[in-house]
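Q: Before anything else, here's the structure in question.
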Amino acid sequence: MDTVKLVDLVKDKRLPGFTQGEAPSYDDMTRCIHCGLCLNQCPTYRVTGNETESPRGRLYLMRAFAEGRISGQSESLQKHLNQCLQCRACESACPSGVKYGHLVELTSAEVAQQTIQKQSRSEKIIRWLVFRQLFSKPKNLRYFALATRLYQRSSLQKINRAVGFLRLPALSKIGLGKLAELEETMLPPISKPLFEPPEEGKVPALTEQKYRVALFSGCVMSIAFASINEATVRVLTRNYCEVVVPKSLNCCGALHVHNGDREYGKEMAIRNIEVFEESERKFGKFDAIIINAAGCGAMLKEYGELLKADKTMAERAAAFSSKVKDITEFLASIELNRNFGRINRRVTYQDACHLLHGQKIQSPPRSLLKAIPGIELVEMKDSDKCCGSAGIYNVTNSELSMQILDEKMNNVADARPQCIIVANPGCQLQMKLGVKRAGLEKGAGKPIEVAHIIELLDEAYLAAEI
Ligand code: SF4
Ligand code: SF4
């Protein structure tokens, strides 16, 4: 592009690179002042030392694409966007208010649309299966979960791992070479039983009722972390809440939005909003919509932004988002039931990126942990840095992810906790993997456990009743 045209773009505030979908505003795209304050907060920059793997480098590439100076086919653009964890640590560090998460979501969606014809057949099939058939259809996800549980509990998993079916070269040839890694590192043990909403649709408060809340039970949380959802209901009912658990919820849409399928993410959002509106008509107004998975919570809070251009949904989406609260945020905002039993344990807390950087929630989980008698909270170095999980990043970018995780585990080892506390299922799986990789799961009689914060609170309430 010659100088004259670039000058015109600046004058007219146009971003001609966006031709298919929703574009960010020109001011948002050009807000970076290149100060570099975000660089050392960025996990991929810290590991690689490359400017192109930094927020500033990626913003430079995104702007070049937005201004039409490079195309969506650019290998460099695709590679460096793909290697971003979308952890948003750069947003917290930025003095200029760059909305990095928003920009990377819109740019990824635009690039995905412009290059859809170039996707390989296997990539198209996997995306269709995962995004359109599995995570958008709760029934299909449940059938998949039940089949997976059968696989995990029978000898099939052992046989597969011993023989290495998923490592057959034929699978690599059709683009499924990552299946074995996916199965070994990402596939969580499926809960038995799966989490089911109560028959009557709600659970009464255990003592005096002060609040009526709705639980967003989530897709992965319901099939792989059912016990955490059950603990969440118990903790809420012990904190003066009647808990409504709506049925037929869909995935929150984060998976779609973060992987370039923004339009389908909007459909998920609309369906979820309708389910909650229907529940409110049936049970009465909710004081809050509670979520116990940080990644999903950040997405639910963004429904208002996601649907702001939709005339029929904009207001309803904003009303929905305004009620969404992470479970730690909600509990820290009310008069907490402090009828805890004692738990003597040294713990450290790993911030979930989408809680800390996405929702700016830092002190509530810590104040809840400090409220439990006997808990010794030790801060580890860089607890605010990503663990390398980031959705499916540890499969798609496993080498970088493991480098980030190993650095994290050095900090865990230095803090010498008995338990690592997390607030997001992805972090929970990744930290468990890290403990195993570092040999800390049964090291010298001091195994390190990993638990969701709500499990610890639940344990403390139950300890008071023994
Ligand atoms: S979102 Fe995270 S990985 Fe991506 S540029 Fe920002 S700090 Fe780096
Ligand atoms: S801190 Fe903000 S303004 Fe500075 S380089 Fe990073 S993104 Fe740009």
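Take the sequence shown: its letter number 27 is residue 27 in UniProt numbering, and every next letter is one higher. Where a beta carbon is used, it is the ideal one built from N, C-alpha and C, also for glycine.
(1) So within the region 324-382, which uninterrupted beta strand (DSSP E) runs reach at least 3 residues, ignoring any that extend past its ends?
(2) Whole angstroms are fine: how far does the CA of residue 249 sit from the CA of residue 443?
(3) Cutting at 7 angstroms between CB atoms, please list the residues of its own chain near residue 83, excluding the five before and the five after it.
(4) State whether the region 368-378 contacts the region 335-345, with contact taken as three or more CB pairs (one from each stretch) at a distance under 8 angstroms.
(5) Name the one or two DSSP bridge partners that residue 288 has.
(6) For residue 226, I'd like the list of residues in its chain whose CB is within less than 6 angstroms of its CB, leaving aside the five on either flank, ordered along the chain.
(7) Could you check the C-alpha separation between residue 438 and residue 28 for me, to the nearest Å?
(8) Give me the Cα-Cα distance between residue 110 and residue 276, rounded to the nearest whole angstrom.
(9) Taking 8 angstroms as the cut-off, does the region 288-300 touch the region 319-331 (at least 3 CB pairs, one atom from each stretch)?
(10) Which whole-angstrom value is the C-beta distance of residue 214 and residue 246, which I expect to be below 8 angstroms?
(11) For a test of the three-state rule: what should DSSP assign to residue 443, helix, strand or coil?
(12) Can residue 24 be considered in contact with ligand 2, in the sense that its beta carbon sits closer than 7 angstroms to one or more heavy atoms?
(13) Going straight from the alpha carbon of residue 463 to that of residue 456, what length do you get?
(14) With a cut-off of 8 angstroms on the beta carbons, I'd call residue 260 and residue 354 a contact; round off their distance for me.
(15) From residue 395 to residue 209, what distance separates their C-alpha atoms?
(16) What residues match up with residue 452 in a beta bridge as DSSP calls it?
(17) Rounded C-beta distance between residue 73 and residue 118? I'm assuming under 8 angstroms.
(18) How would you call residue 49, buried or exposed, if buried means at least 16 neighbouring beta carbons within 10 angstroms?
(19) Measure from the alpha carbon of residue 415 to the alpha carbon of each residue in 346, 77 and 38, then state which is nearest.
(20) Are residue 290 and residue 206 touching if we call contact CB-CB under 8 angstroms?
(21) Residue 309: which of 15, 23 and 8 sits nearest, CA to CA?
(22) Please report the residue range of the beta strand (DSSP E) in which residue 242 lies.
(23) Within its chain, find whatever has a CB closer than 6 angstroms to the CB of residue 8; leave out the 5 residues flanking it on each side and keep chain order.
(24) Take residue 97 and list the residues in its own chain whose beta-carbon comes closer than 8 angstroms to its own, dropping the five residues that flank it on each side.
(25) Exposed or buried, which one is residue 147 when buried takes at least 16 other CB atoms within 10 Å?
(26) Note down the Cα distance separating residue 243 from residue 107, rounded to an integer number of angstroms.
(27) Measure the C-alpha to C-alpha separation of residue 450 and residue 331 and round it to an integer number of angstroms.
(28) Would you mind sorting residue 200 into buried or exposed? The rule is 16 or more other CB atoms within 10 Å of its CB.
(29) To which residues of the same chain is residue 448 closer than 8 angstroms at the C-beta, ignoring the five residues directly before and after it?
A: On the basis of the coordinates in this document:
(1) 324-326, 345-349 and 375-377
(2) Because the pLDDT at residue 443 is just 48, under 50, the model does not fix this residue reliably, and the point stays unresolved.
(3) 44, 53, 397 and 400
(4) yes
(5) 213
(6) 191, 194 and 195
(7) 41 angstroms
(8) 30 angstroms
(9) yes
(10) 6 angstroms
(11) Legend: pLDDT at residue 443 = 48, less than 50; position of this residue unreliable, value from coordinates given subsequently. It is helical.
(12) no
(13) 10 angstroms
(14) Incorrect: roughly 18 angstroms between the Cβ atoms, too far for contact.
(15) 44 angstroms
(16) 422
(17) 7 angstroms
(18) exposed
(19) 346
(20) no
(21) 23
(22) 241-244
(23) none
(24) 31
(25) exposed
(26) 38 angstroms
(27) 21 angstroms
(28) exposed
(29) 412, 417, 418, 419, 420, 435, 440 and 441
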